[in-house]
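Worksheet: the structure to be examined is printed underneath.
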Amino acid sequence: MNVGVATFIGNHLGKFKDMEMDERGCSWGATLRIRVSLNVNAPLKRALKITTPLGSEHLVSFTYERLPNFCYLCGRLGHIGKYCELAFCEGFVDPGNDTPYGPWLRAPAHKPSQNIAGDIGGKHYWDLGTSDRTTSR
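Reminder that position 20 of the sequence shown reads as 19 in the working numbering, one-by-one numbering, no gaps.
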């Protein structure tokens, strides 16, 4: 996938910021990893149906990294089902485990599988899989 597709999908989710790509500006494989600014007051988006220029349709499912608590009833961040205002509405029927949102929206922790080397803007760089986490002993 290329930056155009990533931007389209990212802007469907929120506001596209960046994508993980190789030195040619492409992402390979079944997973496209993008960074997006989300409206935290809106429900999480679960999927998007995309039609290619040749007319074939594909359903793109989303998962989210570093996802905090969210409600499996309404899909919003910051509360869980038993505190959801939907649960207090007249006529509410508890869906049990058949909720529209669930733990499948959480992406597993991303760990680089190998060192990546490439050229950006004519400068050689190496990404050695560094982490933004720090530890103190």
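Cβ atoms here follow ideal geometry from the backbone N, Cα and C, with glycine treated the same way.
Identify, in the order they occur along the chain, each residue of the same chain with its Cβ nearer than 8 Å to the Cβ of G90, setting aside the five sequence neighbours on each side. Here residue 90 refers to the residue found at position 91 of the sequence shown. Setting aside the 5 residues that flank it on each side, G90 has no residue in the same chain whose C-beta is closer than 8 Å to its C-beta.
Excluding sequence positions up to five away, which residues of its chain have a Cβ less than 6 Å from the Cβ of G9? Within the sequence shown, numbered from 1, the residue matching residue 9 stands at position 10. Closer than 6 Å at the Cβ level, and outside the excluded window around G9, lie F15, I33, V35.
Just checking my contact of R75 with F61 at CB under 8 Å: how many whole Å lie between their CB atoms? Taking the first residue of the sequence shown as 1, we reach residue 75 at position 76. Taking the first residue of the sequence shown as 1, we reach residue 61 at position 62. Rounded, the Cβ-Cβ distance is 15 Å, inconsistent with contact.
In whole angstroms, what is the alpha-carbon distance linking V4 and L53? Taking the sequence shown and counting its residues from 1, one reaches residue 4 at position 5. Taking the sequence shown and counting its residues from 1, one reaches residue 53 at position 54. V4 and L53: Cα-Cα distance of roughly 15 Å.
Reducing DSSP to helix, strand and coil, say where V35 ends up. Indexing the sequence shown from 1 puts residue 35 at position 36. If DSSP states are grouped into helix, strand and coil, V35 belongs with the strands.
Would you tell me roughly how many angstroms separate the C-alpha atoms of N40 and H78, rounded to the nearest one? Working through the sequence shown from its first residue, we reach residue 40 at position 41. Working through the sequence shown from its first residue, we reach residue 78 at position 79. Taking the CA atoms as reference points, N40 sits about 11 Å from H78.
How close, in whole Å, do the beta carbons of L43 and F7 come, if the pair is a contact with beta carbons under 8 Å? Taking the first residue of the sequence shown as position 1, residue 43 is located at position 44. Taking the first residue of the sequence shown as position 1, residue 7 is located at position 8. A Cβ-Cβ separation of about 18 Å leaves L43 out of contact with F7 under the 8 Å criterion.
Pick out whichever of L66, H57, K48, S55 has its Cα sitting closest to the Cα of H109. The sequence position of residue 109 within the sequence shown is 110, counting from 1. Ranked by how close their Cα comes to the Cα of H109, the residues L66, H57, K48, S55 have L66 in first place.
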